[in-house]
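*Asks:* First residue of the sequence shown: 5, per this note's numbering; consecutive thereafter.
Cβ atoms here follow ideal geometry from the backbone N, Cα and C, with glycine treated the same way.
None of the values given here were measured: they were computed from a predicted structure.
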Amino acid sequence: DAIREGLDALNPGWIRFGLPPDPHVRGDGSFNGETVHMERLAWLDAWAAEKGATLLLDPFVMPAYFEFPVPPETRNPGSAIINMAAEDNVAYAERFVVPLMEHVLNSMGLTQVRYFNPINEPMEYGVYQTPGDTPPAMVHYVGMMQAIRTALDAAGITRDRIGLLGLDTIEPLHHLLDQHRLGVDLDPYVDAYSVHHYNLRFDHQPPLNLPDTGRHYFIKGMNVVLEQDDRLVLEYARLRGK
């Protein structure tokens with residue numbers, strides 16, 4: 005009741021639903037849709053249907069079953085996140101993403117889930133690594149998106165029903181330049197770009213002495229990120245019809 009009250013008051017048009025990946029993969033790699041998380045998603049979808057809101061489904065990290073082997077010295081939890089990319093992009097797309105979407109759309113009949121983002125903030129602070137950066141993580145990331153789009157289309161889940169969301173990053177310009185350097189292009193496979201801001205404040209309270217709201221972040225955020233970086237990314241997306 006409290007969640008519904010808050011949603012009704014805020015009335016968000018977009019909601020990112022974080023779906024923990026590992027509970028949805030059985031020991032043999034098959035998809036498991038019988039979790040409490042799916043029950044919660046169904047509840048939220050019903051609310052979103054009433055309000056016309058869009059849901060973005062996001063497992064945040066790669067399911068452990070599909071990861072490249074983690075480095076042997078890895079200790080979890082550690083001071084940094086170690087999440088490897090999918091060892092086989094096609095297997096990940098066909099065995100996890102497609103069954104997930106078929107379950108959500110067909111078995112559950114949810115109507116408001118319209119986007120999927122496979123990795124939250126890839127290639128930052130340890131998320132989405134390839135062994136020794138071979139192949140380069142950005143190249144593998146673009147290949148993953150291509151494999152997902154191909155697999156979804158083959159299953160009859162077209163991009164007008166489920167679009168892919170890409171970059172999903174704190175540093176979009178860095179990643180766009182990295183694509184250019186490596187000769188790859190994410191754009192044909194995604195339908196939207198996501199940029200994360202932790203350092204913007206839209207109120208007029210004095211900045212706090214906290215990492216994400218300290219004064220230098222506040223000034224840089226408002227003057228540089230919004231007025232320069234975001235403007236460039238927005239123009240980039242508009243030129244590509246995203």
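Do Leu169 and Asn121 come within 8 Å of each other at the CB atom, strictly closer than that value?
*Replies:* yes
*Asks:* Using CA atoms only, rank isn't needed, just tell me which of Leu45, Phe64 and Glu125 is closest to Val199.
*Replies:* Glu125
*Asks:* I need the boundaries of the beta strand (DSSP E) containing Arg2, first residue and last residue.
*Replies:* Absent from the structure is residue 2, since the part of the chain shown begins at 5 and ends at 246.
*Asks:* For the alpha helix (DSSP H) holding Leu114, just list the boundary residues, first then last.
*Replies:* Per DSSP, Leu114 belongs to no alpha helix (DSSP H) and is neither H nor E.
*Asks:* Pull up the distance between the alpha-carbon of Asp157 and that of Arg163, whole angstroms please.
*Replies:* Distance from the CA atom of Asp157 to the CA atom of Arg163, rounded to whole angstroms, is 7 Å.
*Asks:* Excluding the 5 residues preceding and the 5 following Gly33 in the sequence, name in chain order all residues of the same chain whose CB lies nearer than 7 Å to its CB.
*Replies:* Tyr69 and Arg99
*Asks:* Beta-carbon separation of Gln116 and Ala13 under 8 Å?
*Replies:* Their beta carbons are not under 8 Å apart, which means Gln116 does not touch Ala13 by this criterion.
*Asks:* Quick one: is Asn15 buried, meaning 16 or more other Cβ sit within 10 Å of its Cβ, or exposed?
*Replies:* Asn15 comes out exposed.
*Asks:* Is Gly56 helix, strand or coil when you go by DSSP?
*Replies:* coil
*Asks:* Just to confirm, are Val96 and Met148 a CB contact at a threshold of 8 Å?
*Replies:* Rather than Val, the amino acid found at residue 96 in this sequence is Tyr. Yes. Within cutoff.
*Asks:* Tell me the rounded alpha-carbon separation between Met127 and Met66.
*Replies:* 12 Å
*Asks:* Going along the chain, which unbroken runs of the beta strand (DSSP E) with 3 or more residues stay wholly within the stretch 132 to 205?
*Replies:* 167 to 173 and 196 to 199
*Asks:* Roughly how many whole angstroms lie between the Cα atoms of Ala89 and Asp26?
*Replies:* 14 Å
*Asks:* Starting from the Cα of Pro63, find the closest Cα among Val101, Glu91 and Gly31 and give me that residue.
*Replies:* Val101
*Asks:* Tell me where the alpha helix (DSSP H) around Arg235 begins and ends.
*Replies:* For Arg235, the uninterrupted alpha helix (DSSP H) run begins and ends at Asp234 to Leu243, by DSSP.
*Asks:* Determine whether the beta carbon atoms of Met142 and Val108 lie at a separation below 8 Å.
*Replies:* no
*Asks:* At the level of alpha carbons, what is the spacing between Ile161 and Thr154?
*Replies:* 10 Å
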